[in-house]
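Here's the structure, in structure tokens; my notes come after.
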Amino acid sequence: MAKYWGKRDEALILPYFDSLSVTLDAFFTTTSVEFSDVFEEDSLELDGEIFRAGEKEFDRLLAPLSHIREQSGVAESMRAVSKNDVPTAAGLASSASGTAAFVMAAAAAAGLNVSSKELSILARMGSGSASRSLFGGFAQWHAGTQNDGSDSFAEQLVEQDEWPEFRVVACIVSKKQKKVASRAGMKQTVATSPLYEGWKQQAPLDVAAMKQALAAKDFTTLGQIAESSFAQLHATMLSTNPPILYMAPASVEVIDTSWAARERGEFEGY
1 MAKYWGKRDE ALILPYFDSL SVTLDAFFTT TSVEFSDVFE EDSLELDGEI
51 FRAGEKEFDR LLAPLSHIRE QSGVAESMRA VSKNDVPTAA GLASSASGTA
101 AFVMAAAAAA GLNVSSKELS ILARMGSGSA SRSLFGGFAQ WHAGTQNDGS
151 DSFAEQLVEQ DEWPEFRVVA CIVSKKQKKV ASRAGMKQTV ATSPLYEGWK
201 QQAPLDVAAM KQALAAKDFT TLGQIAESSF AQLHATMLST NPPILYMAPA
251 SVEVIDTSWA ARERGEFEGY
């Protein structure tokens, strides 16, 4: 809702500014993890396809897996089996969902008993947005200021059943994978967009205002800020060199239809 785009540290996945999201319970990942001497090597089965070290689908899990092993003392090879109930790499946060599920499953399999803050930090090491996906309802990811990332984690702000009238409608206009992966796109935007610095200044103000709106259950203000953050995200991407465009023609049609219905007073949506 208050968007995340761009890292101050690529290796540790530390963002430039805080972000805020709502977790969608309809889009989830089911993951099981097992450590055993029976396995010859670490592997990930994702939607029926096997990935190993050296392949990007597996390598995003290396950092959290390494820390889980270090903290738990588990040294056996690992096998993870994961299924996304959402199109993979199509803009619906499959990497966030998948990484969050993996961290939860791997920590449990390793017998690692840690706090939600520590789990969030582990998830962040694999996918920034995964730090928030551990929580239901609304969550804030703190950018933090420490170079080691020890203060960059997410926490739940509002539980999922606390605002039952709040609804999210997801319109899937394409199941194709993005031409530019999010990680590469963020790097390009930070390096080349003339609008990014302005967004960095505005983003903390948006998060603060959004938290106030959440506390008051002020749907109008919350929606307006979310829509503004969406516009700033896509403006910075379009001003990137070369430009990045994730929206399909059908996306614009959905937005236009929503705006028109809102103007006619048929419903309030953002």
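Here the numbering used here is used: the first residue of the sequence shown is 1, the next is one more, and so on.
C-beta atoms are modelled at their ideal positions from N, C-alpha and C, and glycine is treated no differently.
With DSSP as the reference, please indicate the residues paired to residue i in a beta bridge.
i	result
V81	S32 and E45
F138	V22 and V158
L14	D9
F51	L44
A2	L20
Would you mind reading off the limits of the beta strand (DSSP E) that contains residue i?
i	result
Q156	A154 to V158
For the alpha helix (DSSP H) that residue i lies in, which residues bound it at each end?
i	result
D59	K56 to D59
D256	P249 to E263
P64	L62 to S72
E197	Y196 to A216
L245	First-last for L245: undefined, no H or E at that position.
Q188	S182 to T192
A231	F219 to L238
Since residue i and residue j should fall inside the 8 Å C-beta cutoff, what is the C-beta to C-beta distance between them, to a whole number of angstroms?
i	j	result
Q140	D25	Not really, about 18 Å apart at Cβ, beyond 8 Å.
K211	L157	7 Å
Q77	E49	One point to set straight first is that residue 77 is Ser, not Gln, in the sequence displayed. No, S77 and E49 are not in contact; Cβ-Cβ is about 19 Å, not under 8 Å.
T220	E268	7 Å
M1	L20	5 Å
P64	G128	No, P64 and G128 are not in contact; Cβ-Cβ is about 12 Å, not under 8 Å.
S115	V81	Not really, about 26 Å apart at Cβ, beyond 8 Å.
Q232	W199	5 Å
T23	A101	Actually they are not in contact, since the Cβ atoms of T23 and A101 sit about 12 Å apart, beyond 8 Å.
For residue i, which residues in the same chain have their Cβ closer than 7 Å to its Cβ, ignoring the five residues on either side in sequence?
i	result
Y196	G6, T189, V190 and T236
I68	A106, A107, A110, L112 and L122
A193	Looking at the sequence provided, one finds Ser at residue 193 rather than Ala. Excluding positions up to five away in sequence, the list reads T236, S239 and T240.
Residues in its own chain within less than 6 Å of residue i by CB, not counting five upstream and five downstream?
i	result
S120	S131, L134, F153 and A154
R79	E34, F39 and S43
C171	V254
A250	V173
R8	L14 and Y16
L61	F102 and G126
A203	F17
Residues in its own chain within less than 8 Å of residue i by CB, not counting five upstream and five downstream?
i	result
E266	none
Q160	T23, D25, G136 and G137
D47	S82, K83, N84 and T88
K117	F153 and E155
L92	F27, V86, A170 and I172
What I want to know is whether the C-beta of residue i ends up closer than 7 Å to one or more non-hydrogen atoms of the ligand ATP.
i	result
G73	Of the ligands one can find in the structure shown there are none, so the ligand ATP has no counterpart to examine.
**OP:** Note down, one range per segment and in chain order, each alpha helix (DSSP H) of at least 4 residues found wholly within the stretch 85 to 133.
**Re:** 94 to 109, 116 to 126 and 130 to 133
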